[in-house]
Each structure stands twice: as C-alpha cells, then as structure tokens.
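Chemist:
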Amino acid sequence: MNGKIAETGFDNANKIANLSVHEFGHSFVNTLTSQEPFLSNVNTYGSLFKPVKNQPQYTDWMTLFNEYVVRAGEVMVMEKLGRNDLAQKKREEYKDWIYLNHFVAQMQSYQKSRKKYPTFKSFLPTLIDSLSSLNH
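Under the numbering used here, the residue at position 108 of the sequence shown is numbered 106, and the numbers go up by one with no gaps.
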C-alpha cells in the first residue's frame, strides 16, 4: 500500500478505530469475569469450548467467553453508531465464531432491559445463565 504498513502503527485509521472499540471492551469485561463468582460460573460451561478456525491463540473457554462478549459489543457499537454496514462486516469477519449470534442477542437483550440491568455487572449472571441454552 504505497510503501506504508497497513496493519500496525498509527497510520491506519480503521485498524485504530477497531482496536479502540475492541480493547476498550476488554477493559470492563475481563475485570469482571476474572472475579468470583463470575469466573467459576463461566468456567462451569467449559464444555462449550470449540477452537475458532485460524485463531489458535484462544485455547480456553474463559478467554473465548471474554472474546465473544467483546466481539458482540463491537457489533452493537457499530449498530448504535448507525453503521449497520460495519456491523455486518464484523459479523462476516467473525463468521467462524459459532456462538457470536447468541452473544449479540444477549447483548441486545441487555440494552433493551437497562432498567432491570443498570450495569453490565448486573447483567452478567443472566448472560452466563444463557449459556445453558447452547449445546454443550
């Protein structure tokens, strides 16, 4: 690309925007899921772990759970910004993440029920319980 590095650095606006949303999501998701009782409760669904094609860095259920929440959040952010085209692009990019639709649906439910769940922390037990509906 005209002698410029397109995948790293601060010269790629799209990459920076994507990483900002993604890594910001981890800043509040991981801090909660690493605490009890959330950690143990998520790990009771460890049988849901399925390696993601071409993503060998994810080797355990807890890490995948966090990634699913964050990636669903990316889709939600794009939709909230009125960028359904980018939301769809994210869905296509994450097509090998077999539980993504479930997590997006759960996050949409959370957004529609903010009176009942004023914080993500208050919603997390419901999200974890929803995992029982997935085949494991």
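Glycine included, C-beta positions come from ideal geometry on N, C-alpha and C.
Note that the structure is a prediction, hence the values are computed from the model and not measured.
#1: According to the neighbour-count rule (16 or more other Cβ atoms, all chains shown, within 10 Å of its Cβ), is I126 buried or exposed?
#2: Say yes only if the C-beta of S45 is nearer than 7 Å to one or more non-hydrogen atoms of the ligand FAD, and no if none qualify.
#3: Could you round the C-beta distance between V73 and V27 to whole angstroms and report it? I think they count as a contact, below 8 Å.
#4: Can you tell me whether DSSP reads D83 as helix, strand or coil?
#5: Taking Cβ to Cβ, would you say W95 is nearer than 8 Å to V50?
#6: Please determine if the region 82 to 91 and the region 112 to 121 are in contact, where contact requires at least 3 C-beta pairs separated by less than 8 Å.
#7: Between the C-alpha atoms of L98 and Q55, what's the straight-line distance to the nearest angstrom?
#8: Is F47 helix, strand or coil by DSSP?
#9: Note down, in chain order, each residue of its chain lying with its Cβ closer than 6 Å to the Cβ of Y108, except the 5 sequence neighbours on either side.
#10: Checking 8 Å against the spacing of the C-beta atoms, do M76 and T31 come in under that value?
#11: Exposed or buried, which one is A70 when buried takes at least 16 other CB atoms within 10 Å?
#12: Relative to the C-alpha of K93, which residue among F47, H24, Q53, S128 is closest?
Modeler: With the given structure in hand:
#1: Burial call: buried.
#2: Summarising the ligand content, the structure contains no ligands, and the ligand FAD is consequently not present.
#3: Taking C-beta atoms under 8 Å as the contact rule, V73 and V27 fail to qualify, at a distance of about 14 Å.
#4: helix
#5: The answer is yes: Cβ separation under 8 Å.
#6: They do not touch, by the three-pair rule.
#7: Rounded to the nearest angstrom, the gap between the Cα atoms of L98 and Q55 is 18 Å.
#8: coil
#9: Y115, F121
#10: Using a Cβ distance threshold of 8 Å, M76 and T31 do not count as a contacting pair.
#11: buried
#12: Q53
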